[in-house]
Structures are given as structure tokens and as C-alpha cells.
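Asks: The structure under discussion is supplied below as C-alpha cells; questions concerning it will follow.
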Amino acid sequence: MIAAPGLDPPMELRARLADLYCAYSDVLDEGELERWPDFFTADCLYKVMPRENFEQDLPIALIYCESRNMLADRVVALRETALFVPRTVRHLTGNIRLRAVEPEGLRLTANFALFQTMTDQPSEVFLCGRYHDRVVDDGGRLRFAERICVYDSTIVPISLVYPV
Amino acid sequence: MPSADRTIVYPLETGAENFAGRRWPDAGTPRIPNWVYTDPEIFAREQERIFTGPGWLYVCLEAEIANPGDFKRSRLGTREVVAVRDPSGKVNVLLNRCAHRSAQFCSATRGTAKEFVCPYHQWTYDLGGKLLGVPFRRGYRGQGGMPADFRPKEHGLQRLSVTRRHGVVFASFSEETEPLEQYLGERMLGYFDRVFDGRELVVLGHLRQRIPSNWKLMFENIKDPYHASLLHVFLVTFGLFRLDQKSAIEMDTTGRHAVLVSRRGEQQENDATRQMRAFKADFALRDPRLLEPVREFPGDATVVMQTLWPNMIVQQQSNTLATRQILPIDPGNFDLAWTFFGYADDTPEMRQRRLRQANLMGPAGLVSLDDSEAMLLSQAGIDGNEAAECIAEMGGRAIRDEPHMVTETAIRGFYQHYRRVMGL
């Protein structure tokens, strides 16, 4: 983890942030979708959007959730209602950078790469991009109050099933 | 009301049935031969006859190129174009190919330009495609240069025919395309104007996906209300689209355009939902804000999905509005480009509602996700089984408007027109 000039986060906070980022990817890679909403605050904002929209301030997102309950609804919808071909997704998160410490929380960015493996197909890079995060201490646990996942490509291969 | 006298029948051309060694099944349009989804020669003829021949192809919304100089790169069939607003406010659609060495002169997805300069040899064009400058045209110190009889005005960019209606831009490679109003026909125009009612549009964003299937499967999907009640458990569960609801499928007089209309129902069990294996009576949203549609259009329809030949889908599902542009790549792949929009006079609440309901649509849509995956499965089953046929006989074999959803009539209508254009 790196920090912007002038910020010198204590080792303990660095370790807690590293744990948060690793645990988040791990839960998704293990397919434990039901545990995913718990990484967010109750009134969180979670979006997945192409850089094209992000840079032009266009609000449409692939996934647009305004609360932890909306995240939970998406998990139930995926589990109970969606049709999709089986696939394995693996997250690599790196270059976690603390950019600012604000009263509303810690502003961080991190790079992500998602690899996808479809049945009978070689693994491929599915999406790569950057998380734009606001992390808060929520009753003693670090949680995402905001996580905007901005992917670099304009095109999504087939469909995005699992959260980024 | 639909009736027998609206049945679409027109004679197919004869003598063309052996194109590329292919012959349409004797059963006619209720059977679709798998080779229409795989054969490169068929794909090449589609590009020539459907995407380059007479017909209006959807390019973009005017709101995407609102100011003079604004441009957007796009693709019509397999050919790249640039839509640009010139200083007079007119919209031009130019082939993205330099007249000199065929290089694509525009690489930006969108932007603002005073002129277009091909990066390769810096041939320069105005926003109408007129060739303004050729570096070293007269040579250097008496050497080289273009021949004296080279006429720049004969070497502009290829310019397409353009028509606009209520903020939507269409283009055609042909100069013989009928006026848009006639091309759509009175009834389809009525549905088009329902969403594009002349109010100023606001673009909310773009989403794109690449689907490993033939482009026609996308059209078939939106012309097929039969699947919606079975595949889309989310829609069914929340009563957003179900075959027990009042609904209709209507076409223009050729069968090439269609519209699928439905009215929202309740989340309750009845005879129909019991046949829908996946109906979830007990699935309640923890955050119901995702689905709080409000009526905003005249009439009682809450879903109107319009398919306009050959590359446009107009989507109105509750309060989520989008155009979907179909961009074929090759027989087995196409891109789908979604442009979500609202109106300049939307309240902040309505704007927010549109963003929330967009969760149902796009490449991660709780509903449309099912479709992209189903198309993948269709193409996977078609590949290698070229001699087989698909059945499109739900609701009978006729091609006519129907006041219900248990039908594939609009797929038959589509292929009736397709066969005529393709000479198959």
C-alpha cells in the first residue's frame, strides 16, 4: 500500500486496509456471494461503470446499488432468478493507494483485474480497471461506504454476472 | 385489433433460392435453417443487401452530438462511420475511411473537431467530408506532388444519406431509401413517437457488450414474447412482463419492424404463473426502490419494446429508456451498444428512478443478462449443426398481429422480409 504525500497512516491502519481489500476479493473468488454485502455500510453506494461514462460524468452503470439491501437483492436475484453459463472469476487487486483522509472517510483507489474462465475455454482477462473507494470505520470494522468500479474497456465480453 | 386481414403475405422472388448452394426449407418461414447464422457468404450478402442497401440504419441520438463540431464514431454493419454536427447545425454521417489510402481517420469514440485530419498523410477534410488540403500537393522544390489533373473536390469522404426524427439520427448508404415516416409505417411511427415525442433528450450513459452469437438472434429475442415469461424469472416474479398480462405483438406491413407491448401485473399466483416453473411468490426485495415504476406515457402499456430493421431496438421497460444498436462483426459475433436516456424535463426523482431501473438492463442486467447468455447457448447449438432447422411455429404459422404473447409471429415476419431482401 502507498499513501499520498503528507499522509502517514499508522501500520495498524495499513494492515487493516490490506486485510479489507484481500478479504473482499477472496469472498467473491470463493463464490461466497451472501457475504459480499457485509463489506459495505447500510447506506453504501456501489457502482460498476465503464470509464467512458465515469470520465464524462454520465451516471448510467452496469450495476447501480444505493444500499446494502440492494446488494443483497442482487445476490438473491443472481442465485434465484438469473440464467447464466457457469464461469469462474478471479480478482487481482493491487496498487492500493490512500489518497485523502476526510471527515467522511478514507479516500482510496486500487487497480483490479478480473480473470474469467468459462467451461471448456482458456482463462481470459475479463475486465480491468480501478476502484474508487471511500472506506469508513463502521462500528469497529472497516467497510466501504462507496465503491465505484471503473473498467477501462468500453466493451464487456458477453455479460457481467458476478460483482466486481 | 389484429385480424386476419392484417396477415402479411407477399410473394417471394423466385429463382434465387440457390444462393451459395443454400435453399430455404420448404416449410417456409416457420422453419429457420441454421446456416443463416453461420455462413460467411450469407453474412457478406447481408452486409451488401441489408446494411448497405436501401434502409435507414440507426446511428445515434442527436443529444450525443449536441453542439457544432461534436462527433461520435459508430458502425453500421461492419463499416465504421463518424456522425458529426457541422457549424450550421446539420448532422453529417461520413464513412471513417480516408479517400487517400483508406486509413481510418477518426479513432476517438467521441469528441469535438473543427476538421478531420487523417493522421497518416494529414489529408484534411471539413465536417461535411470535403477535402480541404493535401500536404505537398504541388510537390517540393518542383519535385513530386499530385498530378496536375488531381481534383480535390472529387476525393471527399463518402457521405451517407441522413434523416432525423425527434432527436434520433438515421443514415443510409443508399440514396434510394424511402422517407423515414414511410419506412417505419404509420403504426410503427406511432410507437416510435411515443418515446421520441419531440421532447429534448438527455443521454444518461453508454454500455456495450460483445455477444458470441449471430446478430439476428438479438432481433429474434426481442421479437419473441414467448421466452420472456419462461426465461426471465425476475420479470415474471415482479409482474413486469408475463404472458397472463394484457399484451400484444404488432408489425408493420412488411414484417421487418415489430413492437411488443405489455402491461404490468401483480406478484400473485394464478393458473399462468403455476406453469412458469420459476415464479417466485416469496421473493420480496429488501430495497423496493429498485422497482417503483411510475406511469409516464399515455395509455396503459408499461413495456414497449420496438425492433426497427435492421439495427435498432427501442426499449421502454417501466421507466428505463434506451436505444440498443446492433453491430455485426462476423457470422458468430456482434456488439450490442446501449444508450440510456431520459428527458431534459425529468425531475431529479425520475432521473434517479431511471438509473435504478437500469439495473434490469445492460450487460449485467437482472433481466437482459439472461438474454445474452441464452444467445450464447443458441449459437453454441447452431455451430456444427448447420443442416438443422430452428422451429418458429408457436402461435401457428401465419404472420399477423396477435393480442397475446404465446407466439413467434414476429420472428416469422422478420424472416419473411429477410428472405425477400436476401433472395432466399
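Keeping their order, the protein sequence lines are chains S and B. Converting from the first sequence to my numbering requires adding 3 to each position, the first position being numbered 1. Converting from the second sequence to my numbering requires adding 37 to each position, the first position being numbered 1. Where a beta carbon is used, it is the ideal one built from N, C-alpha and C, also for glycine. It should be emphasised that the depicted structure is a prediction, and the values quoted were computed from it without experimental measurement.
Identify the continuous alpha helix (DSSP H) that holds R68 of chain B and give its terminal residues.
Replies: The count along the second sequence starts at 1 and reaches residue 68 of chain B at position 31. Unbroken run through R68 of chain B is the beta strand (DSSP E), 68 to 70; no alpha helix (DSSP H).
Asks: Nearest-angstrom Cα distance between G242 of chain B and P62 of chain B?
Replies: Counted from its first residue, the second sequence places residue 242 of chain B at position 205. Counted from its first residue, the second sequence places residue 62 of chain B at position 25. If I take the Cα positions, the gap works out to 43 Å.
Asks: Using beta carbons (cut-off 8 Å, strictly below), is P89 of chain S in contact with chain B?
Replies: The residue labelled residue 89 of chain S in the question sits at position 86 within the first sequence. Judged by the 8 Å Cβ criterion, P89 of chain S is not in contact with chain B.
Asks: Could you give the first and the last residue of the continuous alpha helix (DSSP H) run that contains D107 of chain B?
Replies: Your numbering for residue 107 of chain B matches position 70 in the second sequence. Counting along the chain, D107 of chain B falls outside any alpha helix (DSSP H), though it belongs to the beta strand (DSSP E) covering 107 to 113.
Asks: Measuring straight from C-alpha to C-alpha, what distance separates D42 of chain B and R110 of chain B?
Replies: Working through the second sequence from its first residue, we reach residue 42 of chain B at position 5. Working through the second sequence from its first residue, we reach residue 110 of chain B at position 73. Caution is warranted here: a pLDDT of 46 is assigned to D42 of chain B, below 50, making its placement in the model unreliable, and the coordinate value is therefore given only provisionally. In a straight line, the C-alpha of D42 of chain B is about 43 Å away from that of R110 of chain B.
Asks: Could you check the C-alpha separation between M38 of chain B and G336 of chain B for me, to the nearest Å?
Replies: Walking along the second sequence from the start, residue 38 of chain B turns up at place 1. Walking along the second sequence from the start, residue 336 of chain B turns up at place 299. Bear in mind that a pLDDT of 38 at M38 of chain B, under 50, signals an unreliable position, so the number given afterwards is only what the model happens to contain. The straight-line gap from Cα to Cα measures roughly 15 Å.
Asks: Measuring only the C-alpha atoms, how far is A103 of chain S from F129 of chain S?
Replies: Looking up residue 103 of chain S in the first sequence gives position 100. Looking up residue 129 of chain S in the first sequence gives position 126. When rounded, the distance between both Cα atoms is 30 Å.
Asks: P368 of chain B and D76 of chain B - do their beta-carbons sit closer together than 8 Å?
Replies: As a working mapping, residue 76 of chain B is identified with position 39 in the second sequence. As a working mapping, residue 368 of chain B is identified with position 331 in the second sequence. Yes. Within cutoff.
Asks: Which residue marks the beginning of the alpha helix (DSSP H) containing C25 of chain S, and which one marks its end?
Replies: Sequence index remark: in the first sequence, residue 25 of chain S carries index 22 (1-based). Taken as a continuous stretch (DSSP letters only), the alpha helix (DSSP H) holding C25 of chain S covers 14 to 32.
Asks: Taking only beta carbons into account, state which residues of the stretch 35 to 63 of chain S come closer than 9 Å to chain B, listed in chain order.
Replies: Correct list: V51, M52, P53, E55, N56, Q59, L61, P62, I63.
Asks: Output the distance between the C-alpha atoms of F115 of chain S and D383 of chain B, rounded to the nearest integer angstrom.
Replies: Numbered from its first residue, the first sequence carries residue 115 of chain S at position 112. Numbered from its first residue, the second sequence carries residue 383 of chain B at position 346. Each residue's alpha carbon lies about 35 Å from the other.
Asks: Once you ignore the five residues that flank E215 of chain B on each side, which residues in its own chain have a CB closer than 8 Å to its CB?
Replies: Residue numbering aside, residue 215 of chain B sits at position 178 when the second sequence is read from its first letter. Closer than 8 Å at Cβ, skipping near neighbours: P91.
Asks: Quick check on I99 of chain S: does DSSP put it in helix, strand or coil?
Replies: Your numbering for residue 99 of chain S matches position 96 in the first sequence. Strand, per DSSP.
Asks: What are the start and end residues of each continuous alpha helix (DSSP H) run of 4 or more residues lying completely inside the stretch 237 to 277 of chain B, in chain order?
Replies: Counting only runs of 4 or more, we get 253 to 259, 262 to 268, 270 to 274.
Asks: Which residues mark the beginning and the end of the alpha helix (DSSP H) in which A411 of chain B is found?
Replies: Against the second sequence, residue 411 of chain B aligns to sequence position 374. A411 of chain B -> alpha helix (DSSP H) spans 405 to 419.
Asks: Of all the alpha helix (DSSP H) runs that stay within the bounds of the stretch 152 to 205 of chain B, which reach a length of 4 or more residues?
Replies: Taking only runs of at least 4 residues, no alpha helix (DSSP H) segment lies wholly in the stretch 152 to 205 of chain B.
Asks: Could you name each continuous beta strand (DSSP E) segment of 3 residues or more that falls completely within the stretch 90 to 136 of chain S, going from the start of the chain to the end?
Replies: Runs found: 90 to 105, 108 to 121.
Asks: Whose Cβ in chain S lies nearer than 7 Å to the Cβ of N396 of chain B?
Replies: Taking the first residue of the second sequence as position 1, residue 396 of chain B is located at position 359. Chain S residues near N396 of chain B: I66, Y67.
Asks: At a Cβ threshold of 8 Å, is A265 of chain B touching chain S?
Replies: Here residue 265 of chain B is taken as the residue at index 228 of the second sequence, counted from 1. No, A265 of chain B lies away from the interface with chain S (no Cβ there is under 8 Å from its Cβ).
Asks: In the DSSP output, which residue or residues are listed as bridge partners for M52 of chain S?
Replies: On the first sequence, position 49 is the one that residue 52 of chain S refers to. Answer is S:V153.
Asks: Distance check for L364 of chain B and D140 of chain S, CA to CA, integer angstroms please.
Replies: As a position in the first sequence, residue 140 of chain S is number 137, starting the count at 1. As a position in the second sequence, residue 364 of chain B is number 327, starting the count at 1. Taking the straight line from one Cα to the other gives about 46 Å.
Asks: Rounded C-beta distance between A359 of chain B and T376 of chain B? I'm assuming under 8 Å.
Replies: Along the second sequence, one-based indexing puts residue 359 of chain B at 322. Along the second sequence, one-based indexing puts residue 376 of chain B at 339. With 8 Å as the limit, A359 of chain B and T376 of chain B qualify as a contact, their Cβ atoms being about 6 Å apart.
Asks: Please report the distance separating the alpha-carbon of T91 of chain S from that of M121 of chain S.
Replies: In the first sequence, the residue the question calls residue 91 of chain S occupies position 88. In the first sequence, the residue the question calls residue 121 of chain S occupies position 118. When rounded, the distance between both Cα atoms is 7 Å.
Asks: Compare the C-beta of E127 of chain S against all C-beta atoms of chain B and say whether one is closer than 8 Å.
Replies: Within the first sequence, residue 127 of chain S is the residue found at index 124, counting from 1. False, the Cβ-Cβ gap to chain B never drops below 8 Å.
Asks: Who are the near neighbours of R147 of chain B in its chain, counting only those whose CB is closer than 6 Å to its CB and skipping five residues on each side?
Replies: Taking the first residue of the second sequence as 1, we reach residue 147 of chain B at position 110. K109, listed in sequence order.
Asks: Over the uninterrupted beta strand (DSSP E) stretch that includes L373 of chain B, give me the two end residues.
Replies: Within the second sequence, numbered from 1, the residue matching residue 373 of chain B stands at position 336. 370 to 380 is the span of the beta strand (DSSP E), which, as asked, contains L373 of chain B.
Asks: Check for me: the beta strand (DSSP E) holding I66 of chain S runs from which residue to which?
Replies: One-based indexing of the first sequence puts residue 66 of chain S at position 63. That run of the beta strand (DSSP E) goes 66 to 68.
Asks: Hey, would you say I102 of chain B sits closer than 8 Å to R134 of chain B, going by beta carbons?
Replies: As a working note, residue 102 of chain B is residue 65 in the second sequence. As a working note, residue 134 of chain B is residue 97 in the second sequence. Cβ atoms of I102 of chain B and R134 of chain B: not closer than 8 Å.
Asks: So, is the C-beta of V118 of chain B closer than 8 Å to a C-beta in chain S?
Replies: Locating residue 118 of chain B in the second sequence gives position 81, counting from the first residue. Chain S, which has no Cβ nearer than 8 Å to the Cβ of V118 of chain B, makes this no.
Asks: Listing by chain order, which chain B residues have their CB less than 9 Å from the CB of A103 of chain S?
Replies: Your numbering for residue 103 of chain S matches position 100 in the first sequence. Ordered by position in chain B, no residue passes the 9 Å Cβ test against A103 of chain S, which lies about 26 Å from the chain.
Asks: Please determine if the stretch 219 to 234 of chain B and the stretch 277 to 292 of chain B are in contact, where contact requires at least 3 C-beta pairs separated by less than 8 Å.
Replies: Yes: at least three Cβ pairs fall under 8 Å.
Asks: Evaluate Q124 of chain S with the Cβ neighbour count: other Cβ atoms within 10 Å of its Cβ, from every protein chain shown; 16 or more gives buried, anything less gives exposed.
Replies: As a position in the first sequence, residue 124 of chain S is number 121, starting the count at 1. Burial call: exposed.
Asks: Hey, V79 of chain S and F320 of chain B are a contact pair by Cβ (cut 8 Å); roughly how many whole angstroms apart?
Replies: As a position in the first sequence, residue 79 of chain S is number 76, starting the count at 1. As a position in the second sequence, residue 320 of chain B is number 283, starting the count at 1. Yes, they are in contact, since the Cβ atoms of V79 of chain S and F320 of chain B sit about 7 Å apart, within 8 Å.
Asks: If you measure between the beta carbons of Y380 of chain B and I69 of chain B, is that distance less than 8 Å?
Replies: Taking the first residue of the second sequence as position 1, residue 380 of chain B is located at position 343. Taking the first residue of the second sequence as position 1, residue 69 of chain B is located at position 32. Their beta carbons are not under 8 Å apart, which means Y380 of chain B does not touch I69 of chain B by this criterion.
Asks: Could you name the residues of chain B that T157 of chain S contacts, counting a contact when the two beta carbons are closer than 8 Å?
Replies: In the first sequence, counting from the first residue as 1, residue 157 of chain S sits at position 154. Near T157 of chain S (Cβ distances below 8 Å), the residues of chain B are T146, H243, R245.
Asks: With DSSP collapsed to three states, give me the class of Q219 of chain B.
Replies: Here the question's residue 219 of chain B lines up with position 182 in the second sequence. DSSP places Q219 of chain B in helix when its eight states are reduced to three.
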